[in-house]
Amino acid sequence: MFYIYPLSRVMWISVSEPAFGLGNYALLFTSPAVQRILVTTARICAITSLLTLVLGYVVAYAMVHVGEGHRQWMLFCVLLTFWLSVLVRAFAWVMILRPEGPINAALLGLGLVTQPLALVRNETGVVIGMVHYMLPYAVLPLYANMQGIDRRLVAAARGLGATPFTAFRRVFLPLNMPGIVGAGLLVFVFSLGFYITPAILGGGRTTMIAEYIGIQVLTTLRWGLATMLASTLLITVFLMLAIMSRFVSLRRLFGAA
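Here the sequence shown is numbered in numbering that gives the first Met the number 0, starting from 0 and rising by one per residue.
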């Protein structure tokens, strides 16, 4: 009741404010500002998901193939990131990526650039911060899936004459595909709701849908538009979860099985 009632109220306001009907939802197709926010959000989430998936796959693959001692330390480092506040991470990245930060100082010192790179208060900074936060959410599902793959199948492929790359591409990767799809969709779904990281690292120049909803609620008081975007985001997440359930068990992915 406490979960469904507030959501139903949000969806009701989306079709009743300022007038009853689907006028707010029509803005998805007629408002350039809304469309720009949606395109920006989709682009950043897609880039974040791709980069996170690549980096997460490398880490998970290494965790599966190292010794038990190294695996425990790697798993500890992955889980350690959950102890850090998203607010602390965002401000830390501002310090690191700013023009006077260590990254630009190192690039200038090595002579690789002649002037500081714009790494913060734009989409680049937002993507870096989001990838850093979402990396554990990609590593853990991928690692769990890889742990369930029988290593003897890859060894059998090698014994039949396959090269290491061929054995990986023809045997290991197809068996790992449910984990890849599940981790990718999980990261994408979680990325849709990012608020603090884009607000701080974007510096007001890169606005995603969650921040835009906050502006409509707290500043412009356009509750109809805000609840319409929130409802659209909610429906999109449910559709993504429905697609995910066709490739991987949601109960196992979220730790319920």
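Cβ coordinates follow ideal geometry from the N, Cα and C atoms, glycine included.
Continuous alpha helix (DSSP H) stretch holding residue i: start and end
i      : result
Arg35  : Pro31 to His64
Arg88  : Val85 to Leu96
Ala229 : Trp222 to Ser244
Ala18  : Taken as a continuous stretch (DSSP letters only), Ala18 belongs to no alpha helix (DSSP H), as it is neither H nor E.
Val138 : Glu122 to Gln146
Gly183 : Leu172 to Leu191
Met0   : First-last for Met0: undefined, no H or E at that position.
Pro115 : From DSSP, Pro115 is part of no alpha helix (DSSP H); its letter is neither H nor E.
Ile210 : Sequence check: residue 210 is Glu here, not Ile. Here the alpha helix (DSSP H) through Glu210 covers Ile208 to Leu217.
Thr196 : Ile195 to Leu200
Glu99  : Note, Glu99: premise wrong, no alpha helix (DSSP H); not H, not E.
Thr165 : Pro163 to Ala166
Phe75  : Glu67 to Leu79
Arg151 : Arg150 to Gly158
Outcome for residue i when other beta-carbon atoms lying within 10 angstroms are tallied against a minimum of 16
i      : result
Ala255 : Residue confidence is low: Ala255 scores 48 on pLDDT, short of 50, so the model does not pin down where it sits. Its coordinate-derived value is still stated next. Answer is exposed; the Cβ neighbour count stays below 16.
Leu79  : exposed
Ala156 : buried
Glu99  : exposed
Val112 : exposed
Cys44  : buried
Trp92  : buried
Ser7   : exposed
His131 : buried
Val87  : exposed
Leu83  : exposed
Gln215 : buried
Ala18  : exposed
Pro177 : buried
Ala241 : exposed
Pro101 : exposed
Gly292 : The structure shown does not extend to residue 292, since the chain spans only 0 to 256, so no value can be given for it.
Met94  : exposed
Met0   : exposed
Val138 : buried
Heavy atom of the ligand HEM within 7 angstroms of residue i beta-carbon
i      : result
Pro115 : Of the ligands one can find in the structure shown there are none, so the ligand HEM has no counterpart to examine.
Integer Cβ distance of residue i from residue j, believed to fall under 8 angstroms
i      : j      : result
Asn144 : Asn103 : Asn144 to Asn103, Cβ: 38 angstroms. No contact.
Leu172 : Thr235 : Leu172 to Thr235, Cβ: 28 angstroms. No contact.
Val126 : Leu50  : 7 angstroms
Tyr211 : Ile36  : 5 angstroms
Ala229 : Leu141 : With a Cβ gap of about 30 angstroms, Ala229 and Leu141 do not count as contacting.
Trp222 : Ile3   : About 20 angstroms; that fails the 8 angstroms criterion.
Val63  : Gln146 : 6 angstroms
Leu26  : Leu233 : Not a contact, Cβ separation roughly 17 angstroms.
Thr196 : Ala41  : Incorrect: roughly 16 angstroms between the Cβ atoms, too far for contact.
Met207 : Asn23  : Met207 to Asn23, Cβ: 19 angstroms. No contact.
Phe75  : Pro135 : Their Cβ separation, rounded to whole angstroms, is 12 angstroms, which puts Phe75 and Pro135 out of contact at 8 angstroms.
Thr205 : Thr39  : 7 angstroms
Q: Evaluate contact between the segment 50-69 and the segment 173-188, counting only Cβ atoms and requiring at least three cross-stretch pairs below 8 angstroms.
A: Contact between the segment 50-69 and the segment 173-188 is present: three or more C-beta pairs spanning the two stretches fall below 8 angstroms.
Q | Cβ contact (3+ pairs, closer than 8 angstroms) linking the segment 200-217 and the segment 112-126 | A | Flag = yes, the segment 200-217 and the segment 112-126 touch.
Q. Are at least three pairs of beta-carbons, each pair with one atom in the segment 136-152 and one in the segment 29-39, less than 8 angstroms apart?
A. no
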